[in-house]
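Residue numbers for the first sequence follow this note's numbering, so the first one is 757 and each next one is one higher.
Note sheet for the following structure.
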Amino acid sequence: MEKVLIRQLVKDMARYADREVEVQGWIRSNRDQKSFGFLAVNDGTHFNTIQVVYEKEVLSDFERVAKLRAGSAVTVRGRLVLTPKAKQPFEIKATEVILEGDSPEDYPIQPKRHTREFLREVAHLRARTNLFNAVFRVRSLLGYAVHTFFQERGFVNVHAPIITANDAEGAGEMFRVTTLDAKNPPLTGGGAVDFGQDFFGRRANLTVSGQLEAEAFALAFRKVYTFGPTFRAENSNTARHAAEFWMIEPEIAFADLWDNMRLAEEMMKYLINYILANAPEEMAFFDEFVEKGVRDKLAKIAGSKFAHITYTGAVELLKESGEKFEYPVEWGKDLQTEHERYLTEKVFDKPVFVTDYPKEIKAFYMRLNDDGKTVAAMDLLVPGVGEIIGGSQREERMEVLVQRMREFHIDPRDLWWYLDLRKYGGVKHAGFGLGFERAIMYITGVSNIRDVIPFPRTVNYCEF
RNA sequence: UCCUCGAUAGCUCAACGGUAGAGCAACCGGCUGUUAACCGGUAGGUUGCAGGUUCGAAUCCUGCUCGGGGAGCCA
């Protein structure tokens, strides 16, 4: 008797035909009749379940098997039979069904449709559903694809620090990391909390971005990327924001904004093609039950050229569109979500890079353009999700960078090491950040970020 | 944080001022190939919490808590 995984059976069913096999998994459903019944068993190795046929005249404990409930863990032994005429390609004629772990009748995952909201409340069990099984397998595959893409192109993976003392970056509200007694912190003479007595001897936070550290390594390895957790303590309550998420941040030296965009486009297409090729069952499921036509959408994008438009061009285009927007379009103001959606969904109907934003609405480290008014920034907008990538060419000129920091009220002494990168062998360089979860959302069609993170952390929510 | 909608059986919903119901799940039974199985039956409720109006509140009003959608911030 050979112990087999459903994935093996799917890949090589002919080899197992009419052989005795043993599978182990969890019952999704049990349909019993007078003298026979059917179990749908999922063993976690494949999206599909395997159908187990059990018969009264074969099993001495038929009545007991007929009562097994959804959620129970079982070992099944029997003969693998090919069933070319049936809905499923093969099934097991059971000779033995052993209950490994019972599941009482209050098991929350019923063989019926559940809302995503309900399943979030049972996040420890939701991976056993079709939807979340598919989502989290795609998440795993996508992470692998990210590493493969960069490693194959000679990028070095940098583990940027998760705890940081860079509080000058301004990418968002930060979570403080401390070992001080919250009730009774040490105070300075002036009555303020004395962080000098904290664990690190100074204020420390969870990272909001590994970019600054990635820049340091890009100026040593030329091509690097980070891929790790990121934390934002923003009070944002949307389907696209979480307090803990993962970000991919490549950084390339001797490169400008156009090199940066070429890399971003190549990466997005690689990731899409990888998932289409390696998660066919999952993508078929998303296509049918989550977002109709998602596979065609992705295939089309992987084969198309991404659009490009400057911020100034986008503002003109939006103004001349005749479209009524809730918020007016005005040069110097950031594009609203409705503007971005109009551009990527109505005007271009595909991913679009928007470049060269006014310097006032972008970060201090973005390279100042020759017009003195805009910076070499780029956002990649995609239909349905909105901004999925944000990046820029970095300011490599010491004087300009220091001036920009002053404009943003950042003390250059706080980022002395970042300035050193310009002082010693600084070169033009560029990079971007891809929200890992937003990429998953875009590829699967799942519209809430809480449903693509195993155990999501959001404002007022840290269960599990 | 703002706008908006909502919270009723385990789940999804109905009842909209007058005895709280259905489908699915569960449980019991039927059915010789089911696959969202089907058919019959049983059980299941402090209507989110706290107040108020009323002869009478799931229903109307106020506050709170939690959730969905949208916005801001961003990835």
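Built from N, CA and C at the ideal position, the CB exists for glycine as well.
It should be emphasised that the depicted structure is a prediction, and the values quoted were computed from it without experimental measurement.
Terminal residues of the beta strand (DSSP E) in which residue i lies
i: Ile1166; result: From DSSP, Ile1166 is part of no beta strand (DSSP E); its letter is neither H nor E.
i: Tyr772; result: No beta strand (DSSP E) contains Tyr772, which is instead part of the alpha helix (DSSP H) from Met769 to Tyr772.
i: Leu875; result: No beta strand (DSSP E) contains Leu875, which is instead part of the alpha helix (DSSP H) from Arg872 to Glu877.
i: Gly1221; result: With the chain covering 757 to 1220 only, the question about residue 1221 has no answer from this structure.
i: Glu847; result: Phe846 to Gly857
Beta-bridge partners of residue i, as assigned by DSSP
i: Ala796; result: Ser785 and Gln807
i: Val982; result: According to the sequence as given, residue 982 is Thr; it is not Val. Partner(s): Glu1005.
i: Tyr1113; result: Val1131
i: Gly1146; result: Asp1135 and Gly1189
i: Thr1214; result: Tyr1217
i: Lys759; result: Glu778
i: Asn913; result: Tyr981
i: Leu936; result: Paired residue(s): none; Leu936 is not in a bridge.
i: Glu1000; result: Phe987
i: Leu962; result: Ile919
i: Leu1124; result: Val1131
Coil, strand or helix - residue i by DSSP
i: Arg1178; result: helix
i: Gly928; result: coil
i: Arg835; result: strand
i: Glu1193; result: helix
i: Met1161; result: helix
i: Leu1074; result: helix
i: Ala1063; result: strand
i: Asn1029; result: helix
i: Val1141; result: coil
i: Gly947; result: coil
i: Leu1221; result: Residue 1221 cannot be examined here, being either before or after the span of the chain that is shown, 757 to 1220.
i: Thr801; result: coil
i: Ile1199; result: helix
i: Lys1022; result: Correcting the residue identity first, residue 1022 is Glu in this sequence and not Lys. Of the three classes helix, strand and coil, the one that applies to Glu1022 here is helix, per DSSP.
i: Thr920; result: strand
i: Leu1244; result: A query on residue 1244 cannot be resolved here, the shown segment of the chain reaching from 757 to 1220 and no further.
i: Glu990; result: coil
i: Glu1155; result: helix
i: Asn1016; result: helix
i: Val1208; result: coil
i: Gln866; result: coil
i: Gly952; result: helix
i: Val766; result: helix
i: Gly957; result: coil
Start-to-end residues for the alpha helix (DSSP H) that takes in residue i
i: Asp1043; result: Pro1036 to Phe1045
i: Arg893; result: Asn886 to Glu908
i: Ile1057; result: Val1050 to Ala1058
i: Ala976; result: Gln967 to Phe977
i: Val821; result: Phe818 to Ala822
Closest residue to residue i among the options (Cα-Cα distance)
i: Val1131; options: Lys823, Gly1140, Val1141 and Val1110; result: Val1110
i: Ile1028; options: Glu1005, Glu1037, Ile1057 and Ser785; result: Ile1057
i: Asn889; options: Phe794, Val821, Asp1207 and Val809; result: Asp1207
i: Gly966; options: Phe818, Glu758 and Pro985; result: Pro985
i: Trp1002; options: Phe794, Leu765, Thr982 and Asn913; result: Thr982
i: Ile1004; options: Ser992, Asn993 and Leu1019; result: Leu1019
i: Val837; options: Ala938, Lys849, Ala829 and Thr831; result: Lys849
i: Glu971; options: Tyr1121, Lys1025, Lys1129 and Ile806; result: Tyr1121
i: Met1154; options: Leu1171, Ala829 and Leu1032; result: Leu1171
i: Arg763; options: Tyr900, Gln780 and Ser859; result: Gln780
i: Glu813; options: Arg893, Val1108 and Ser791; result: Ser791
i: Pro1212; options: Arg876, Phe846, Asp862 and Ala770; result: Arg876
i: Gln866; options: Val853, Leu881 and Glu856; result: Leu881
i: Gly800; options: Pro860, Arg771, Met1039 and Phe892; result: Phe892
i: Leu855; options: Gln844, Trp1173 and Gly827; result: Gly827
i: Phe977; options: Asn940, Phe987 and Phe911; result: Phe911
i: Ala770; options: Asn940, Ala916, Ala1040 and Thr839; result: Thr839
i: Phe1164; options: Leu1013, Ala796, Lys1118 and Pro1036; result: Lys1118
May I have a chain-ordered list of the beta strand (DSSP E) segments no shorter than 3 residues that lie completely inside the segment 1076 to 1115? 1108 to 1114
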